Amino acid sequence: DAGITQSPRHKVTETGTPVTLRCHQTENHRYMYWYRQDPGHGLRLIHYSYGVKDTDKGEVSDGYSVSRSKTEDFLLTLESATSSQTSVYFCAISDTTDTQYFGPGTRLTVL
Amino acid sequence: QKEVEQDPGPLSVPEGAIVSLNCTYSNSAFQYFMWYRQYSRKGPELLMYTYSSGNKEDGRFTAQVDKSSKYISLFIRDSQPSDSATYLCAMSALAGANSKLTFGKGITLSVRP
């Protein structure tokens, strides 16, 4: 998975609780992305980062925030988890090309 | 109409068959086209990358882009059970890592031994 790890790999939480997912890369790539993948919707971009402290919204950013304080780490936070945020979350990285490399994913269940 | 439409599947074929996977799109600005393969409970991995119209071949895989018809295809020759996975098409309008990819929903392929 191109030097990308995601943690945790599985999480079950309750509605209303905050959740933070972590993406860590060892490739020193500038760009990092958070996607969610749901049946019937495919992969949808949540947020992305084009450098330390530089982030922007994707198509489904409501209810999510991100932070990137170091090149290697990109955090996704659900401030108050809802059942509609039950999904598989993928982190991806990219250097100066169009190619994005994906992490192994985090399976999140919100009860 | 969604920007990228992909045949919903699933698709089941016998080993050795030729497989054709297709996507259509509506945004004429798309110039960069990719196919990703995703095994069960894994992240997507890039399989093929093409720019503009034309064909690109890599082993048993051929990617075809027809921009005039807004149609892309992935052909798999001599399909193997190891090709069983979900295949996602993706495309972007801009070059460079700041371009955002738009994905199809994916089609699940099963190759029967």
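Just so you know, the sequences run in chain order X and D.
Residue 1205 in our numbering is what sits at position 90 of the first sequence, and the numbering runs on without skipping anything.
Residue 89 in our numbering is what sits at position 78 of the second sequence, and the numbering runs on without skipping anything.
Each residue gets a CB set at the ideal place from its N, CA and C atoms; glycine is no exception.
Small disclaimer: the values here were computed from a predicted structure and weren't measured.
Paired residues, beta bridge with residue i - DSSP
i, result
"residue 1191/X", "1136/X, 1181/X"
"residue 75/D", "66/D, 84/D"
"residue 29/D", "Answer by DSSP bridge pairing: none, since residue 29/D is not bridged."
"residue 24/D", "122/D"
"residue 1215/X", "DSSP, once it has assigned bridges, lists no residue as partnering residue 1215/X."
"residue 1221/X", "1204/X"
Min CB distance residue i to chain D below 8 Å
i, result
"residue 1214/X", "yes"
"residue 1156/X", "yes"
"residue 1118/X", "no"
"residue 1112/X", "Within the shown structure, residues of chain X are numbered from 1116 to 1226, placing residue 1112/X beyond reach of any answer."
Residue i burial status per 10 Å Cβ neighbour count (16 or more: buried)
i, result
"residue 123/D", "exposed"
"residue 1181/X", "buried"
"residue 1185/X", "exposed"
"residue 97/D", "buried"
"residue 40/D", "exposed"
"residue 103/D", "buried"
"residue 55/D", "buried"
"residue 99/D", "buried"
"residue 29/D", "exposed"
"residue 1124/X", "exposed"
Closer than 8 Å to chain X by CB, residue i
i, result
"residue 60/D", "yes"
"residue 56/D", "yes"
"residue 32/D", "no"
"residue 120/D", "no"
"residue 20/D", "no"
"residue 99/D", "yes"
"residue 67/D", "no"
"residue 114/D", "yes"
Span of the beta strand (DSSP E) around residue i
i, result
"residue 116/D", "No beta strand (DSSP E) holds residue 116/D; DSSP gives it neither H nor E."
"residue 1203/X", "1202 to 1209"
"residue 96/D", "96 to 103"
Chain B contact residues for residue i, given Cβ-Cβ distances below 9 Å
i, result
"residue 117/D", "The structure shown has no chain B; the protein chains it does contain are X and D."
Cβ contact check for the region 1201 to 1210 of chain X and the region 81 to 92 of chain D: 3 or more pairs under 8 Å: no
Would the region 24 to 38 of chain D and the region 74 to 85 of chain D be scored as touching if the rule is three or more Cβ pairs under 8 Å? yes
Quick one: any contact between the region 68 to 78 of chain D and the region 1214 to 1222 of chain X, if contact means 3 or more CB pairs under 8 Å? no
With three or more C-beta pairs closer than 8 Å as the rule, is the region 1135 to 1144 of chain X touching the region 1159 to 1166 of chain X? no
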